[in-house]
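Read through the structure below, which is laid out as structure tokens, and then see the notes.
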Amino acid sequence: MTTAVDTKKLTMVQAVTDGMRVMMKEQENVIVLGEDVGQNGGVFRATDGLVAEFGEKRVIDTPLAESGIIGTSIGLAMNGFKPIAEMQFLGFIYPAFNQIMTHASRIRARTLGAFTVPMVIRAPFGAGVRAPEIHSDSVEALFTGMPGMKVVVPSNPYDAKGMLISAIEDPDPVLFLEPMRCYRSTKMDVPDGKYNVPLGKAARLQEGDDVTVFAYGAMIDVVMKAAKTAEEKGINCDVIDLRSLYPLDKEMIAESVQKTGRAVIVHEAPGTGGLGETIMSLINDTSFLYMKAPIERVTGFDTPVPMFALEDHYLPSAERVVQAIEKVTQF
Amino acid sequence: MVEVKLHDIGEGMHEGEVIHFFVKTGDSVKIDQPLVEVQTDKVTAELPSPAAGTIKDIKVKEGDVVTVGSVILTIEAASTPTSPSSKAEDKVNASEQPVVDKIVKAPSNTTFAGGIATLNKRVLAAPFTRKIARENGVDIEQITGTGAGGRVTDQDVYNFIENGSVPKAEEKIETEAPEEVNTAPSFATKNAEEIPFKGRRKQIAKKMVQSLATIPHVTHFEEIDVTAVMELKKQLKAMDPENKRGMNVSVAAFFVKAIQIALKDFPIFNAKLDEENEVIRLEKNVNIGIATDSDEGLIVPVISHVEQRNVRDIAHDMKDKITRAKTNKLKGSDMTGGTFTISNVGPLGSIAATPIINHPEVALMAFHKTKKTPVVVGNEIVIRSMMNVSMSFDHRVADGATAVMFTNRVKELIENPYFMTLELI
Numbered sequence: 021m022t023t024a025v026d027t028k029k030l031t032m033v034q035a036v037t038d039g040m041r042v043m044m045k046e047q048e049n050v051i052v053l054g055e056d057v058g059q060n061g062g063v064f065r066a067t068d069g070l071v072a073e074f075g076e077k078r079v080i081d082t083p084l085a086e087s088g089i090i091g092t093s094i095g096l097a098m099n100g101f102k103p104i105a106e107m108q109f110l111g112f113i114y115p116a117f118n119q120i121m122t123h124a125s126r127i128r129a130r131t132l133g134a135f136t137v138p139m140v141i142r143a144p145f146g147a148g149v150r151a152p153e154i155h156s157d158s159v160e161a162l163f164t165g166m167p168g169m170k171v172v173v174p175s176n177p178y179d180a181k182g183m184l185i186s187a188i189e190d191p192d193p194v195l196f197l198e199p200m201r202c203y204r205s206t207k208m209d210v211p212d213g214k215y216n217v218p219l220g221k222a223a224r225l226q227e228g229d230d231v232t233v234f235a236y237g238a239m240i241d242v243v244m245k246a247a248k249t250a251e252e253k254g255i256n257c258d259v260i261d262l263r264s265l266y267p268l269d270k271e272m273i274a275e276s277v278q279k280t281g282r283a284v285i286v287h288e289a290p291g292t293g294g295l296g297e298t299i300m301s302l303i304n305d306t307s308f309l310y311m312k313a314p315i316e317r318v319t320g321f322d323t324p325v326p327m328f329a330l331e332d333h334y335l336p337s338a339e340r341v342v343q344a345i346e347k348v349t350q351f
Numbered sequence: 496m497v498e499v500k501l502h503d504i505g506e507g508m509h510e511g512e513v514i515h516f517f518v519k520t521g522d523s524v525k526i527d528q529p530l531v532e533v534q535t536d537k538v539t540a541e542l543p544s545p546a547a548g549t550i551k552d553i554k555v556k557e558g559d560v561v562t563v564g565s566v567i568l569t570i571e572a573a574s575t576p577t578s579p580s581s582k583a584e585d586k587v588n589a590s591e592q593p594v595v596d597k598i599v600k601a602p603s604n605t606t607f608a609g610g611i612a613t614l615n616k617r618v619l620a621a622p623f624t625r626k627i628a629r630e631n632g633v634d635i636e637q638i639t640g641t642g643a644g645g646r647v648t649d650q651d652v653y654n655f656i657e658n659g660s661v662p663k664a665e666e667k668i669e670t671e672a673p674e675e676v677n678t679a680p681s682f683a684t685k686n687a688e689e690i691p692f693k694g695r696r697k698q699i700a701k702k703m704v705q706s707l708a709t710i711p712h713v714t715h716f717e718e719i720d721v722t723a724v725m726e727l728k729k730q731l732k733a734m735d736p737e738n739k740r741g742m743n744v745s746v747a748a749f750f751v752k753a754i755q756i757a758l759k760d761f762p763i764f765n766a767k768l769d770e771e772n773e774v775i776r777l778e779k780n781v782n783i784g785i786a787t788d789s790d791e792g793l794i795v796p797v798i799s800h801v802e803q804r805n806v807r808d809i810a811h812d813m814k815d816k817i818t819r820a821k822t823n824k825l826k827g828s829d830m831t832g833g834t835f836t837i838s839n840v841g842p843l844g845s846i847a848a849t850p851i852i853n854h855p856e857v858a859l860m861a862f863h864k865t866k867k868t869p870v871v872v873g874n875e876i877v878i879r880s881m882m883n884v885s886m887s888f889d890h891r892v893a894d895g896a897t898a899v900m901f902t903n904r905v906k907e908l909i910e911n912p913y914f915m916t917l918e919l920i
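Same order as they appear, the protein sequences are chains A and B. End of the first sequence = 351 in the numbering used here, gap-free, step of one. End of the second sequence = 920 in the numbering used here, gap-free, step of one.
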């Protein structure tokens, strides 16, 4: 017996809106706040239509003050609300960093579990959309080193809605990163109602035996192209979409590299201090004796994201990923 | 001679004052016996003796401030402490060399392979390769790597394991064989070139022995008229001369398809015999192994799921895998899962054979040389392209009559290739 599920073809940004709508309908304590999220529908129209449907008391336009948005959200979350705070861009989150680091992420520990902070911070991020300086930063690693804070990145519309619903239902703060390049790059069948994609779980996008390629967010499209080229050269890639950067899906990472013995990690954030280093450590801890070649990383460079004329040179390309795949397989 | 230097005894100290010597020149000292007391800006510490021996030369005075790394005194190290019974031996081998020198030099006098150099050097190898070595009880440091930069590869370890055991076995045979018995064949001759019997050749040998020792082989022969299928190939090629639509397919691809169709009627030849559990397993998939001759010997890439593939796809896959087999670029997964094997020796030229079955499969069919031959069709003698086939099968699993019927079905399909269209999925 099968159960029919109504679906709609949605872009990622539409799936995000839909996820919020579903949860706002279900739970009255779910509210949205941020700059221009109300009448304007958000800088990327992610909150489009929500104020008309749920009113200004639940979709709140705030002053241009990230610290205030997050600080307010923390207080609301500790008092029975489930706030979804929108940062216009991840690169604008720095004024709120203190609120996140010293309060949101550690109130559960500070109060010995008496209080939690069930809030979601949505933040578009990443380069490749020709945005000005700071708008394109990939600083996810600043937050993965922050115990108490979950950090997740969907790479497609289906995951975006299901993971956002899981994030809203999570009892702890979740930084929900939305790769701008993916916002409107693809459409996918997304179920109408509520469904969950669990946090903390990676997804295997392609099965292969020769090398594992790890990526997330906008880099998934790049590594899938690279994996196709590699396949034409006789190299079969196990492609893993990490989805959850903290906590990482340690089991799947270890299982995959223990199968292939080789790993390539791809992210657009700078290499130094990037998530790739954490994954390398994890592989070292769990799977050292299975490794047939040193791990390769294909990352952005240790510079700020350059102006758009140089953006394509900064971002990992499928060619660079293929080179890394060949390097580890030919080692 | 052992030099006792002021080492860093505190966090980042760079000098210290010598407060007091516990020893003087000529004193005998034991290992760890306090030699000197040094005062730094953080601690007062006693420096113990690193060796047993006699104080030879005290380089500084009490009250001197010395920097880290400076020599404070030297010790003439004693010979190895001995028990009374071995003292006589000491006299015989009287040596003035201090212990430390002996330790360094000793290995160079030994005869084990590698010598001192291997003790100090670490070979290059990936963790996985080291794991293979360790699990097989092999000291990886003794292996000479053939990989990039002298790196030890997985294959180097496997070769070492294989070759390491071979000489021992041979030695044993030679020493155990009674000398007076001269019936054992002697391989030693001055006028022979030696080819190492290892690697791929040895694996093939092992597999063949296993197959022939396990399976009672019977080979059935038949001749097949391939005129029609060759004509079909020619027509397809003419319609797509530049192969833009992939219509330039090999005749062998039709043979593979014919076998797969015939196996549907005779699944007993697409099976494996599990003697231990007393069961014959009829495989659901038809994965045809293609016995291929390469520079390194026989290799059998597998065309998987032939039952789900069309002739063009089979032809393409065969071409790719045979090319890779000949250039040694096949992966392990390309050579596993076979359920039936064909040996297309025709291009090499042969009229018959008794091929050995690819254990644990049940049957194998060899296709031989095609040649134009006068044959009787109806009441006329005509020239047709004829080819012999040799069908070896496991007589434990199937009988001759079944093999004949199977071969006849293959023959029917090849002689009338349009019959295959009835089997299109």
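We treat Cβ as the ideally placed atom computed from N, Cα and C, and that holds for glycine.
Assigned exposure category for ILE889 of chain B - 16 Cβ within 10 Å defines buried: Mapped onto the second sequence, residue 889 of chain B falls at position 394. Rather than Ile, the amino acid found at residue 889 of chain B in this sequence is Asp. Buried, by the Cβ-count rule.
Close-in-space but distant-in-sequence residues of the same chain around LYS912 of chain B (CB under 7 Å, 5 per side omitted): Within the second sequence, residue 912 of chain B is the residue found at index 417, counting from 1. What sits at residue 912 of chain B in the sequence shown is Pro, not Lys. So the qualifying residues of the chain are ALA723, VAL724, LEU727, PHE749.
Cβ of SER828 of chain B within 8 Å of any chain A Cβ: As a working mapping, residue 828 of chain B is identified with position 333 in the second sequence. Yes - at least one Cβ of chain A is within 8 Å of the one on SER828 of chain B.
Neighbour flag for GLY228 of chain A against chain B, beta carbons, 8 Å: Here the question's residue 228 of chain A lines up with position 208 in the first sequence. Chain B, which has no Cβ nearer than 8 Å to the Cβ of GLY228 of chain A, makes this no.
Cβ contact check for the segment 628-640 of chain B and the segment 650-657 of chain B: 3 or more pairs under 8 Å: yes
Contact with chain A by PRO622 of chain B, beta-carbon distance below 8 Å: The count along the second sequence starts at 1 and reaches residue 622 of chain B at position 127. True, the Cβ-Cβ gap to chain A drops below 8 Å.
Assigned exposure category for SER885 of chain B - 16 Cβ within 10 Å defines buried: Stepping through the second sequence from its first residue, residue 885 of chain B is reached at position 390. SER885 of chain B comes out buried.
Members of the segment 817-847 of chain B that neighbour chain A once the beta carbon cut-off is set at 8 Å: ARG819, LYS824, LYS826, SER828
ASP26 of chain A to ARG625 of chain B span [Cα, whole Å]: Here residue 26 of chain A is taken as the residue at index 6 of the first sequence, counted from 1. Here residue 625 of chain B is taken as the residue at index 130 of the second sequence, counted from 1. Cα-Cα distance, rounded: 54 Å.
Cross-strand partners of MET886 of chain B (DSSP beta bridge): For the purposes of this step, residue 886 of chain B is taken as the residue at position 391 of the second sequence. Partner(s): B:HIS715, B:MET860.
Residue from B:THR834, B:THR787, B:GLY642 with nearest C-alpha to LYS759 of chain B: Taking the first residue of the second sequence as position 1, residue 759 of chain B is located at position 264. Ranking the options by Cα distance to LYS759 of chain B, first place goes to B:THR834.
Buried versus exposed, by CB contacts within 10 Å (16 or more), THR818 of chain B: Counted from its first residue, the second sequence places residue 818 of chain B at position 323. Answer is exposed; the Cβ neighbour count stays below 16.
Complete runs of the beta strand (DSSP E) confined to the segment 151-222 of chain A [at least 3 residues]: 170-172, 194-199, 208-211
Continuous beta strand (DSSP E) stretch holding ASP332 of chain A: start and end: Position 312 of the first sequence, counted from the first residue, corresponds to residue 332 of chain A. No beta strand (DSSP E) holds ASP332 of chain A; the alpha helix (DSSP H) holding it covers 328-334.
Candidates A:ILE104, A:LEU225, A:ASP261, of which the one nearest VAL286 of chain A by Cα: Locating residue 286 of chain A in the first sequence gives position 266, where the first residue counts as 1. Comparing Cα positions, the closest option is A:ASP261.
Closest Cα partner of SER156 of chain A within the set A:PHE328, A:PRO191, A:ILE345, A:LEU53: In the first sequence, counting from the first residue as 1, residue 156 of chain A sits at position 136. Residue A:PHE328 is the option with its Cα nearest to SER156 of chain A.
Under 7 Å from the C-beta of LYS248 of chain A: neighbouring residues of chain E: Of the chains in the structure shown, none is chain E; the protein chains are A and B.
Contact set between the segment 305-319 of chain A and chain B, restricted to residues whose Cβ is under 7 Å from the partner: PHE308, LEU309, TYR310, MET311, LYS312, ALA313
At least three beta-carbon pairs within less than 8 Å, the segment 334-347 of chain A to the segment 317-326 of chain A: yes
Beta carbon of ILE141 of chain A nearer than 8 Å to that of PRO193 of chain A: Taking the first sequence and counting its residues from 1, the one referred to as residue 141 of chain A is at position 121. Taking the first sequence and counting its residues from 1, the one referred to as residue 193 of chain A is at position 173. Yes; because the gap between Cβ atoms is below 8 Å, this pair is in contact.
Identity of the residue in A:PHE234, A:VAL217, A:LEU132 nearest LEU225 of chain A by Cα: As a first step, residue 225 of chain A must be located in the first sequence, where it is residue number 205. Residue A:PHE234 is the option with its Cα nearest to LEU225 of chain A.
Distance, ILE120 of chain A Cα to TYR310 of chain A Cα: Here residue 310 of chain A refers to the residue found at position 290 when the first sequence is read from its first residue. Here residue 120 of chain A refers to the residue found at position 100 when the first sequence is read from its first residue. C-alpha separation (whole angstroms): 38 Å.
Under the three-state DSSP convention, the category ARG891 of chain B falls into: Numbered from its first residue, the second sequence carries residue 891 of chain B at position 396. The answer is coil: DSSP assigns ARG891 of chain B none of H, G, I, E or B.
Closer than 8 Å to chain A by CB, LYS626 of chain B: For the purposes of this step, residue 626 of chain B is identified with residue 131 of the second sequence, where counting begins at 1. Closer than 8 Å: yes.
Residue range of the beta strand (DSSP E) that includes HIS287 of chain A: Residue mapping note: residue 287 of chain A aligns to position 267 of the first sequence, counting from 1. Residues 283-290.
Helix, strand or coil at LEU793 of chain B [DSSP, three-state]: Counting from 1 along the second sequence, the entry for residue 793 of chain B is found at position 298. It is a strand residue.
Nearest to CYS202 of chain A (by Cα), restricted to the options A:SER175, A:ILE188, A:THR298: Here residue 202 of chain A refers to the residue found at position 182 of the first sequence. Measuring from the Cα of CYS202 of chain A, the nearest candidate turns out to be A:SER175.
Euclidean distance between Cα positions of THR897 of chain B and PHE761 of chain B: Residue mapping note: residue 897 of chain B aligns to position 402 of the second sequence, counting from 1. Residue mapping note: residue 761 of chain B aligns to position 266 of the second sequence, counting from 1. If you take the alpha carbons of THR897 of chain B and PHE761 of chain B, they lie about 8 Å apart.
Rounded distance between the beta-carbons of PRO850 of chain B and LEU859 of chain B, thought under 8 Å: As a first step, residue 859 of chain B is located in the second sequence; it is residue number 364 there, counting from the start. As a first step, residue 850 of chain B is located in the second sequence; it is residue number 355 there, counting from the start. With 8 Å as the limit, LEU859 of chain B and PRO850 of chain B qualify as a contact, their Cβ atoms being about 5 Å apart.
Three-way DSSP call (helix, strand, coil) for ALA766 of chain B in this model: Translated into positions along the second sequence, residue 766 of chain B becomes position 271. If DSSP states are grouped into helix, strand and coil, ALA766 of chain B belongs with the strands.
Three-state secondary structure (DSSP) of MET881 of chain B: Position 386 of the second sequence, counting from 1, holds the residue named residue 881 of chain B. It is a strand residue.
Beta-carbon spacing of MET813 of chain B, SER745 of chain B below 8 Å: By 1-based counting over the second sequence, the position of residue 813 of chain B is 318. By 1-based counting over the second sequence, the position of residue 745 of chain B is 250. Cβ distance < 8 Å, so MET813 of chain B and SER745 of chain B count as in contact.
Residues bridged to GLN226 of chain A (per DSSP): In the first sequence, counting from the first residue as 1, residue 226 of chain A sits at position 206. According to DSSP, GLN226 of chain A bridges with A:VAL259.
Neighbouring residues, chain B, relative to GLY281 of chain A (Cβ below 7 Å): Stepping through the first sequence from its first residue, residue 281 of chain A is reached at position 261. Chain B residues near GLY281 of chain A: PHE623.
Residue range of the unbroken beta strand (DSSP E) whose run includes HIS515 of chain B: Mapped onto the second sequence, residue 515 of chain B falls at position 20. Per DSSP, HIS515 of chain B belongs to the beta strand (DSSP E) from 510-516.
Those residues which DSSP pairs with ILE798 of chain B across a bridge: For this step, residue 798 of chain B is matched to residue 303 along the second sequence. B:ILE783.
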